[in-house]
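K.L.:
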Amino acid sequence: MFYHAKKNWELPSSAVTPERVFLNRRETLLGLGASLIPLGAYAEEAIKTADLYPAKLNETYKLDRPVTPEKINQTYNNFYEYTTDKRVNADMLRIRPWTVTVGGMVEKEKTWDIDDLIRTIGVEERLYRHRCVEAWSMAIPWSGFPLRTLVEQAKPLSSAKYVRFETFLDKKMAPGQRSFMAWPYVESLTMAEATNDLAFIATGAYGKPISKVQGAPIRLATPWKYGFKSIKSIVKISFVDKMPETFWANTGPTEYGFWANVNPDVPHPRWSQASETDLTTGSRRPTLLYNGYGEQVAALYKGLEKQPLFM
């Protein structure tokens, strides 16, 4: 009888890789790699409303300038939840599942799944100018729906005077939220502003669902106001009776006011607002009062024309 002493490098037959797996090891490794990619990288795959884009253009909203190329829009942006740089990497943002709670002074609070909300209201495309308080501008083809329609869905009480918007708070997902600033980002409109035809909830851009760096999956677009009013990645909308404290008004109270209407005659404390850099052409152009939307919104501010801090 022979006795075979097992070497310390020998494996039992049960541990041997099957020939089929060995011959297909490349595919196996690719599958493993995919499982290690953060969830946010594949969040777009779960967008159940992708079939709604590109949306039909609402030709009421026209531009006096070319649409800014998407590449510029994607690489020159502000998203302080992630970085203070203009080239934003928001890949960590997980946009599905995503819910938006609509509450406060309403008949009944409701929490919407984002895709249910989008499909219930529907989407259209609008071409809007976008003016940053930093004195640069773009022109963007947003897709989404009028904020007014969401207000109607919410059925606010007559005592509600403002609409308050709040973004997500997740310091693990958004490293910029580890800064000293008073997170989460909060913005607000008066009820009159929120129900104006121009106030828009953007869920898409450039003919497809909105990208992460643009504030996916749902953001505000108020084209007559400086861009910091157009809050990104909204998770909560509340109807309230007192003017809310907003993110930038808290961060820089001597530089950023509640109204934030585009006004070439009211300078920022550190620079003029009389002109702007058009990122599409690279040229300077005169800044238009209310960003050129005065016909639609000027009546909202009768008596406030001389108020400081960007009107």
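Numbers given in the working numbering equal positions in the sequence shown, counted from 1, plus 2.
Heads up, the beta-carbon is just placed ideally off N, CA and C, and yes, glycines get one too.
For V264 versus Y164, is the C-beta spacing smaller than 8 Å?
P.N.:
Counting from one through the sequence shown, the residue named residue 264 turns up at place 262. Counting from one through the sequence shown, the residue named residue 164 turns up at place 162. Cβ distance not < 8 Å, so V264 and Y164 don't count as in contact.
K.L.:
CB-CB under 6 Å to L59, same chain, minus the five flanking residues each way: which ones, in chain order?
P.N.:
Stepping through the sequence shown from its first residue, residue 59 is reached at position 57. Cβ neighbours of L59 beyond the five flanking positions: E127.
K.L.:
How far does the beta strand (DSSP E) with D280 in it extend, from its first residue to its last?
P.N.:
Counting from 1 along the sequence shown, the entry for residue 280 is found at position 278. Start and end: 277-280.
K.L.:
Name the residue from Y78, F312, P71 whose alpha carbon lies nearest to the alpha carbon of Q275.
P.N.:
The residue you call residue 275 lines up with position 273 of the sequence shown. Closest option to Q275, Cα to Cα, is F312.
K.L.:
Using only the alpha-carbon positions, how far apart do T279 and S160 sit?
P.N.:
Counted from its first residue, the sequence shown places residue 279 at position 277. Counted from its first residue, the sequence shown places residue 160 at position 158. Near 42 Å, if we compare the C-alpha coordinates of S160 and T279.
K.L.:
When DSSP labels each residue in this structure, what does Y250 get in the three-state scheme?
P.N.:
Locating residue 250 in the sequence shown gives position 248, counting from the first residue. The amino acid at residue 250 is misidentified as Tyr; the sequence shows Trp. Three-state DSSP puts W250 in a helix.
K.L.:
Who are the Cβ neighbours of L54 in its own chain at under 6 Å, not counting the five residues just before and after it?
P.N.:
By 1-based counting over the sequence shown, the position of residue 54 is 52. Excluding positions up to five away in sequence, the list reads V125.
K.L.:
By DSSP's criteria, D320 is part of a beta bridge. Which residues make up the other side?
P.N.:
With the chain covering only 3 through 313, there is no way to say anything about residue 320.
K.L.:
To the nearest angstrom, how far is the alpha carbon of T70 from that of A141?
P.N.:
Against the sequence shown, residue 70 aligns to sequence position 68. Against the sequence shown, residue 141 aligns to sequence position 139. Going from the Cα of T70 to the Cα of A141 covers about 5 Å.
K.L.:
How should W226 be labelled, buried or exposed, when 16 other C-beta atoms within 10 angstroms of its C-beta is the threshold for buried?
P.N.:
Start at 1 with the first residue of the sequence shown, and residue 226 comes out as number 224. Buried, because 16 or more other Cβ atoms sit within 10 Å of the Cβ of W226.
K.L.:
Please tell me whether N291 and A194 are closer than 8 Å, where the distance is taken between their beta carbons.
P.N.:
By one-based count along the sequence shown, residue 291 stands at place 289. By one-based count along the sequence shown, residue 194 stands at place 192. A small correction: the amino acid at residue 291 is Leu; Asn does not occupy that position in the sequence shown. Cβ distance not < 8 Å, so L291 and A194 don't count as in contact.
K.L.:
Compute the beta-carbon to beta-carbon distance between Y78 and L281, rounded to the nearest angstrom, for a pair I have assumed lies under 8 Å.
P.N.:
Position 76 of the sequence shown, counted from the start, is the residue given in the question as residue 78. Position 279 of the sequence shown, counted from the start, is the residue given in the question as residue 281. The pair is a contact, with the Cβ atoms about 6 Å apart (cut-off 8 Å).
K.L.:
Establish whether the CB of S181 and some CB of chain D are separated by less than 8 Å.
P.N.:
Of the chains in the structure shown, none is chain D; there is only one protein chain.
K.L.:
In or out: K50 buried (at least 16 other Cβ within 10 Å) or exposed?
P.N.:
The residue given as residue 50 occupies position 48 in the sequence shown. Exposed, because fewer than 16 other Cβ atoms sit within 10 Å of the Cβ of K50.
K.L.:
Classify T205 as buried or exposed, calling it buried when 16 or more other Cβ atoms lie within 10 Å of its own Cβ.
P.N.:
As a position in the sequence shown, residue 205 is number 203, starting the count at 1. Burial call: buried.
K.L.:
Identify the continuous alpha helix (DSSP H) that holds A196 and give its terminal residues.
P.N.:
For this step, residue 196 is matched to residue 194 along the sequence shown. Residue range 193-196 is occupied by the alpha helix (DSSP H) that includes A196.
K.L.:
Cα separation between L38 and W138?
P.N.:
Here residue 38 is taken as the residue at index 36 of the sequence shown, counted from 1. Here residue 138 is taken as the residue at index 136 of the sequence shown, counted from 1. Note that L38 scores a pLDDT of 39, beneath 50, so its modelled location is shaky and nothing firm can be said.
K.L.:
Three-state secondary structure (DSSP) at L222?
P.N.:
Locating residue 222 in the sequence shown gives position 220, counting from the first residue. Three-state DSSP puts L222 in a strand.
K.L.:
Return the bridge partner residues of A141 from the DSSP annotation.
P.N.:
The residue you call residue 141 lines up with position 139 of the sequence shown. Note: A141 sits in a beta bridge opposite R131.
K.L.:
With a threshold of 16 other CB atoms inside 10 Å of the CB of S181, please say whether the residue is buried or exposed.
P.N.:
Position 179 of the sequence shown, counting from 1, holds the residue named residue 181. Burial call: exposed.
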